[in-house]
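*Asks:* Let me give you the structure first, and then I'll get to my questions.
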Amino acid sequence: MSTDIPALLAEINSTRPILEQVANKWSVLILTVLCSEPSRFNAIKRRLDPITHKALTEALRRLERNGLVNRRVIASSPVAVEYSITPLGRSLQDPFVALVSWARQYGVAIEQAQELYDARRATEEEV
């Protein structure tokens, strides 16, 4: 990684629109679910409880638009829709696994930092 701060900021700014599309919490979780197997809408919703119907619909549409997810209508009664990950979406699997591993490893440290911060802020507000 570059130590040239202006170059690094320019790189971050140029990638921000893409990162905003793929790195929000629901996208990461949806792609993680679909990495294991294609799934129907309600199966994804159950795995990601408490995601709302609206939030899941919007996230799946965004992922499909960005070429990360395929949508397939299954002619049945009632009609079903199955989602699967594309090769482009699968390319995010390793970074997501690394992110989940990091969260598992450092989650307790983050919680402790939050508790210390909250306690410090509460003390400052009393003064």
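FYI, the numbering for the sequence shown is 1 to 127, going by UniProt numbering.
Glycine residues also receive a C-beta, built at the ideal position from the N, C-alpha and C atoms.
What residues in its chain sit with their C-beta under 8 Å from that of Trp-26, if we drop five residues either side in the sequence?
*Replies:* For the purposes of this step, residue 26 is taken as residue 26 along the sequence shown, with counting starting at 1. Closer than 8 Å at Cβ, skipping near neighbours: Leu-48, Ile-51, Ala-55, Leu-56 and Ala-59.
*Asks:* I think residue 152 touches Leu-99, with their Cβ atoms under 8 Å apart; what is that distance to the nearest whole Å?
*Replies:* This structure leaves residue 152 out entirely; the chain is present only between 1 and 127.
*Asks:* State the Cα-Cα distance for the pair Thr-3 and Arg-62, rounded to the nearest angstrom.
*Replies:* Position 3 of the sequence shown, counting from 1, holds the residue named residue 3. Position 62 of the sequence shown, counting from 1, holds the residue named residue 62. Thr-3 and Arg-62: Cα-Cα distance of roughly 33 Å.
*Asks:* For Glu-82 versus Pro-38, is the C-beta spacing smaller than 8 Å?
*Replies:* Working through the sequence shown from its first residue, we reach residue 82 at position 82. Working through the sequence shown from its first residue, we reach residue 38 at position 38. Yes, the Cβ-Cβ distance between Glu-82 and Pro-38 is below 8 Å.
*Asks:* Do Glu-64 and Arg-71 count as a contact pair if the criterion is CB distance below 8 Å?
*Replies:* To locate residue 71, count along the sequence shown from 1; it is residue 71. To locate residue 64, count along the sequence shown from 1; it is residue 64. The answer is yes: Cβ separation under 8 Å.
*Asks:* Buried or exposed for Gly-67, please, with buried defined as at least 16 other CB atoms from any protein chain shown within 10 angstroms of its CB.
*Replies:* As a position in the sequence shown, residue 67 is number 67, starting the count at 1. That one is exposed.
*Asks:* With Val-33 and Ile-44 assumed to form a contact (beta carbons below 8 Å), what rounded beta-carbon distance in angstroms separates them?
*Replies:* Here residue 33 is taken as the residue at index 33 of the sequence shown, counted from 1. Here residue 44 is taken as the residue at index 44 of the sequence shown, counted from 1. About 6 Å separates the two Cβ atoms, so the contact holds.
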